Structure formats: C-alpha cells, structure tokens
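Below you'll find the structure, written out as structure tokens, and then a few comments.
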Amino acid sequence: MSPRHPTAHRDPIDPADIDMSAPLGARLTLPNPVLTASGCAGYGRELHRFTPLHELGALTTKTVMPYARSGRATPRMTETPSGMLNSIGLQGSGIDHLVTDELPWLAEHGARVLVSIAGERTEEFAETAARLAGQPGVVGIEANISCPNVADRGLVFACDPDASFAAVRAVKAAAGPDLPVYAKLTPDVTRITDIAAACTEAGADGLSMINTVLGMAIDTHTFRPSLAGITGGLSGPAIRPVAVRCVYQVYAAMRSGTLRPVPLLGMGGIASARDALEFILAGASGIALGTALFRDPSLPLKVRDDLRETLARHAIRSLADAVGLAHHQPEDDSRPRRTPA
Amino acid sequence: MPPTQTAAVIRRIEPVGAYHRLTLDAPAAATADVRPGHFGALAIGGPTSATLLRRAFSIHRADPTAGTVEFIFAEHGAGTRALARHHPGDTVDLIAPLGTPFPLDGGPQRAVLVGGGYGSAPMATLAEAILTRGGQVAFVLGAATADRLFGVAEARALSPHVHVVTDDGSAGERGRVTGPLPAAMAAIDATDVHSCGPMPMLKAVTTLAAAAGARSHTAVEEAMACGTGLCMSCVLPVTGPDGVTRFLRSCTSGPVFDGTTVRWDDTGTLPADLEGAAAMTPYTPKETDPA
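The following block contains the structure:
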C-alpha cells in the first residue's frame, strides 16, 4: 500500500471481519453488494453454471415486458475499443413466462432477484410491476425507464422528467408497499440530477446508474452501420468514467440536500474490485457487473472477495462505511497530498 | 457435461495454410464428453484487454489423454490477430465445451461432411465418430483458394470419397461445394449431411440434402459476445415443430441446427411473424436447460 494512502495510518483488519452487507433502503439489505446488470445474465440459468446465483448480492433479470418480444434483427452486437455496442431490442419471453417458469427456478436456487421491467407506455410498466408482488425470490423491481415511450413519439422515458416521474409513480403504486423500486437512468441527458429528482419525487426507493450510452459504429468494409438497428447501447470499461461521474453527481446532490437521499446502484464497465470500489467511493451502495460477464462469467465472486480484501487492507470495517468517501474533504494530515511531479 | 472455465496454456500455435492451429493444454475441458460440433470460447489478452469479448471457435479435436483442445482459426479482426501473436506458454481463458454437437443418432449414418474454409475443423472427428458407429462418410471440402482449404489430408485418410473445390481452381475442381455434393450423396446413398461454413453455403447444402432425402445438420457461425448464452447477440430465426419461428441463440440452441428449420433468407432481418413473437425459449423445453 502506498504510504500516501488515506488509510495508511490504520492497521489492516482481517477480511473475515469485514461486513460486506449492502443496505439498499429500509426494506432491502443484500448480503453483499455485487449484482448482475440487467440484460447481461438473462434470467440466470446460464450464469448459474459459472456463478452460483445464491452467492450474488442479487441477480437483476433481463428486462421483462408485459408481452414477449422478439428483439431486433442481427447483427445485434459489435465490439468497440474497451466496450461493445448492442442493439438486442429487449428480446424476452414476457412477464407470464418469467412468473411461471423463471422465478420459481430462481427461488429454488436461492437467488435474490431484482426484476427489471419496462413498457412502451406508462401503463405497461404498471401492468408488469403488479405481477411481481409476493413472487418468490423477488427482492425488488428495477424500472428500466431508459426505453422509448410510444405515447411520446418514442422519446425515452428517462430523457424526460415528467415521463420518468409518471413511470416510476405507476410502478410504485402497482408494486405495493413491500417491493423497493429502483429507477434505471440513462446517461444521455443534459442533467442527470433532474431525472434523478423526478424519480425520487415519484417515490423511487433507489436509483441505478447507468444504462448504456447511445453510440454507433460503421463497418468500413461494407460502408454500412455495423448494427441492424443502426445505433446501439455502448457498454464496457469505455463508459466507466461516464458512469462514475453520474453516480458522483447524483450522490453529491443528495449530500447537498437538493435531492432526497436514496441508495444508488452503480454500474457501467465494472470489471474488477478496484472498479467496484471506484463506484462505491463515488456514492454507490451496491454495484452491478454487466458486459464483463460476457468475458468472465465467474467474475462476480472474484469481485466480491477481492473487494472484501481491499476493504480489509484499508481497515474499512464495513462496506457501507466506504460509500461516498470520495465526497469527503480531507480532514486530517494523513490524507494524501498531491505531490508535484 | 457443463462447460468448464479454465486457464489454458498454449502448447503450440502454428500456421496451417491461411489459418492457425492452436493447441491448448486444458485437461479440465479436454474430456471424453467433447463431441464434434462443440465449440470453445476464448478470452483474449488478460483482464484489462481492450478486446473484451470472447472469440468462439469450433473444436477441431479434444484429446483427453493428452489433455489438449485444438482449434483452427482465421485472422478476422483485432482479437484473432492478437491471438495469432500469442506464443507457446501463454495463457488464455477457455470456456468449453459449449453448444450442441452434430447429432449421431438415427442408426449408423451414411453421411456427407461438408466444410467451407475453416468450417472443416470439426469434420475429421465427426467422421471418426460416424465410422466408429459403423457408418460411412464422404467429404466435400471447399474454400476460396487452396491455402484456405483445411483438413484435406485427414479426410483422405478417413474416406475414399473426398471432393475438393476452390473458387479459383487453385486446388481440386473449380467451383462451390454444391457442385460435387449431389454425386457425393449418391455415392454413399447418404442419410445425413453435416455442414459447417458460411450461411449461404449452409442454405444451399440444406436445399440439396432435402432434395436427396437426407437430413441436413448445419453448424452456423454467428457473431457472439460471450458464447455462453448471456448476451443474446447470436440469434437466428428457427422454426419449431409447432410451426412457430423464434429467435434462438446459436450458442445454446446451436450451433448445430436442423438446416430445414432455419429460415436462411430471413437471417439479418426481423420477419413480420417474429415481431412480438415469443422468442429466446426454444420449443423443446430441455433445450433451454443448460445442464
């Protein structure tokens, strides 16, 4: 450890003594902060071959809608530097299939499930959310409001404070009092704190940040867009600084009192415990692995265990104590000073 | 068997014509459960690599005694170029075996094995498996040019019926695999045709096989981000026994499909009957079970 490190004056503690639990609001505490990101682990069956699902903090499902969706034509994916673009189009089997076939299997395997839901209209969010109350294994709902609103000429819900407010309020009302609702935000907005404010005012129990960043690639052999859907969502380490910035800004607004404080789930290019810690320091109470699972489906437990080791080295007894530490002003002489190069 | 994720050490990496033969020490993956048509997915360049996604290759041969798994690959882009610059002793993360293998059911098969380019990679072990079960094999191997043919010598050692074609006539007959295929099927009164190669080839092979009354088993190559069923990139429109078409994943429901169930002309499109249709979950429930 660098002698200039902020916790260098403390004695390391035994990793076994670290409290890794992740408090995510009044009604939800996960045993550890490592989740999967929506759309990157299906409904869990494939990932379970590499990561026992009960070991995760929670599994976030692929986004489910009231009906089955075929998704978009191929090509749906192209690799980009330190990332990938996807245009899957929310392919899925719909809420009936999830409730009948997937949730019982997930519960049987001890998974805690955050169900990602979406709709093309506000009412469809509500319709999907209403089906989840009391379902086995479901610990919460993530409202994927980063999808187009048909009733508003295809404008993405999460790009408009009013549409975000309406969707989140509808999900809250339909989900009932027991299921916490997280709103998943897109970074493709001018001021993410405005959308965060609309969601928290609508009753969101937490915020997930970030969804993919809208991007595009062109195949220079065919002179055509690389994706059948033309544009796609950029994910992977390429977007991590964008995601850290969003989490930091929203957490800062909560600290300053301009936003109602709610727990944050951080995601966007996390591929290691170091990356996870970056989000936690920015203000995330839990983190999710997405694109990194495509490369390494065994990654979640490595991140969880390495994060525990990292906290122990820094003598931070509890994960919750590390949340938002990047916002703290240096208070004592042991904090690092930037030394001139 | 479930796929294994293992740190594989490169034993050999050597050119074969325009391709590379990669031999990995991977005892955990090189089990007797590996079947022709299974594939492996390699992560390239370590955990901080800028090429994030796995590269999927058909398994050429898995040797449980030696503990090795062999792949044949072409340099297509940044990832495969980087892989080609690896050296013996380097480690690559391997997940294998993945996918559904070529079916060997239906009694001893009289099968024509059709390989386009490095699509010939699984054909030698497939031929061995068919011969071991008392069947007969013929080969049709094609490529653009002679240096893009693979596995001709191995094929000749396994069967007297080996047809070679190239687009430019630099080896064998000039033409496509569809040229000699009818004669190859007739020579052994084929019950089955197994093929691996580009989509247009698989479609053409399926048409000819169906006309001859043979089953067509096609191993598709679709772009994948993971190979493990997570990303939903590699879907194809496949019609189930119920007549309903679904976008199925090549990695979990394939890569080997009954060629007559794939809507070849609709790949790369969103057919009207698929819009909003149930997707992702195949008709046969056991196909979704990754056990």
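If you're matching them up, the sequences are chains A and B in order.
Mapping the first sequence onto numbering that gives the first Met the number 0, position 144 (from 1) lands on 143, and the numbers just tick up by one.
Mapping the second sequence onto numbering that gives the first Met the number 0, position 92 (from 1) lands on 91, and the numbers just tick up by one.
Here a beta-carbon is modelled for each residue, glycine too, at the ideal position from N, C-alpha and C.
Just so you know, these numbers come straight off a predicted model, no measurement behind them.
Within 9 Å of any Cβ in chain A, is that where the Cβ of residue 289 of chain B sits? Model confidence at residue 289 of chain B stands at a pLDDT of 47, short of 50, so the residue's coordinates are unreliable and nothing is read from them.
Can you tell me the Cα-Cα spacing of residue 68 of chain B and residue 121 of chain B, whole angstroms? 12 Å
Is it right to say residue 193 of chain B is buried, meaning 16 or more other beta carbons lie within 10 angstroms of its own, or is it exposed? buried
Take the Cβ of residue 152 of chain B as the centre, count every other Cβ of all protein chains shown within 10 Å, and call the residue buried at 16 or more, exposed below. exposed
So, do the segment 197-208 of chain B and the segment 104-123 of chain B have three or more beta carbon pairs nearer to each other than 8 Å? yes
Give me the chain B residues within the contact set of residue 45 of chain A, using Cβ-Cβ distance strictly less than 8 Å, ordered along the chain. 227, 228, 229, 251 and 289
Listed from N- to C-terminal order along the chain, which residues in the segment 276-304 of chain A have their beta-carbon within a distance smaller than 8 Å of any beta-carbon of chain B? 290, 291, 292, 293, 294, 295, 296 and 297
Quick one: does residue 222 of chain A have its CB under 9 Å from some CB of chain B? no
Starting from the beta carbon of residue 1 of chain B, find every residue of chain A whose beta carbon is closer than 7 Å, and list them in chain order. 48
Since residue 341 of chain A and residue 105 of chain A should fall inside the 8 Å C-beta cutoff, what is the C-beta to C-beta distance between them, to a whole number of angstroms? There is no way to answer for residue 341 of chain A, as the model of chain A reaches only from 0 to 340.
In or out: residue 217 of chain A buried (at least 16 other Cβ within 10 Å) or exposed? exposed
Taking only three categories from DSSP, how would you classify residue 245 of chain A? helix
Output, in chain order, the set of chain A residues within a Cβ distance shorter than 7 Å of residue 222 of chain B. 74 and 76
Evaluate residue 11 of chain B with the Cβ neighbour count: other Cβ atoms within 10 Å of its Cβ, from every protein chain shown; 16 or more gives buried, anything less gives exposed. exposed
For a minimum of 3 consecutive residues, which ranges assigned as the beta strand (DSSP E) are wholly contained in the segment 38-120 of chain A? 76-79, 82-85 and 112-116
At the 9 Å Cβ level, is residue 227 of chain A part of the contact set with chain B, yes or no? yes
Nearest-angstrom Cα distance between residue 65 of chain A and residue 8 of chain B? 47 Å
Could you tell me whether the segment 214-229 of chain A touches the segment 243-255 of chain A, using the rule of 3 or more Cβ pairs below 8 Å? no
Note the first and the last residue of the continuous beta strand (DSSP E) segment covering residue 215 of chain A. 212-215
Do the segment 48-57 of chain B and the segment 23-30 of chain B make contact, defined as three or more Cβ pairs closer than 8 Å? no
With 16 other Cβ atoms within 10 Å as the buried cut-off, status of residue 11 of chain A: exposed
Is residue 265 of chain A close to the ligand HEM? I mean its beta-carbon at under 8 Å from any heavy atom of the ligand. Here there are no bound small molecules, and the ligand HEM is not part of this structure.
How close, in whole Å, do the beta carbons of residue 34 of chain A and residue 52 of chain A come, if the pair is a contact with beta carbons under 8 Å? In fact, because the Cβ distance is near 11 Å, the residues do not count as touching under 8 Å.
Please report how far the alpha carbon of residue 108 of chain B lies from the alpha carbon of residue 181 of chain B, in whole angstroms. 17 Å
Considering only DSSP beta bridges, list what residue 56 of chain B is partnered with. B:39
Which residue marks the beginning of the alpha helix (DSSP H) containing residue 286 of chain A, and which one marks its end? Taken as a continuous stretch (DSSP letters only), residue 286 of chain A belongs to no alpha helix (DSSP H), being part of the beta strand (DSSP E) at 285-288.
Determine whether the Cβ of residue 134 of chain A lies closer than 9 Å to any Cβ atom of chain B. no
Backbone CA spacing between residue 237 of chain B and residue 41 of chain A [nearest angstrom]: 20 Å
What number of angstroms, rounded off, separates the C-alpha of residue 90 of chain A from the C-alpha of residue 31 of chain B? 35 Å
Cutoff 7 Å; reference residue 89 of chain B; Cβ partners in own chain excluding five residues on either side: 9
Evaluate residue 2 of chain A with the Cβ neighbour count: other Cβ atoms within 10 Å of its Cβ, from every protein chain shown; 16 or more gives buried, anything less gives exposed. Below a pLDDT of 50, predicted positions are generally treated as unreliable, and residue 2 of chain A, at 45, falls in that range; no measurement from the model is reported.
Take residue 149 of chain A and list the residues in its own chain whose beta-carbon comes closer than 8 Å to its own, dropping the five residues that flank it on each side. 119 and 120
Cβ-based burial, residue 152 of chain A [other Cβ within 10 Å; buried from 16]: exposed
Kindly give me the distance between the Cβ atoms of residue 145 of chain A and residue 184 of chain A, rounded to whole angstroms, as I take these residues to be in contact under 8 Å. 7 Å
Check the Cβ-Cβ distances between residue 39 of chain A and every residue of chain B, and say whether any is below 9 Å. yes
Can you find a CB in chain A that lies within less than 9 Å of the CB of residue 195 of chain B? no
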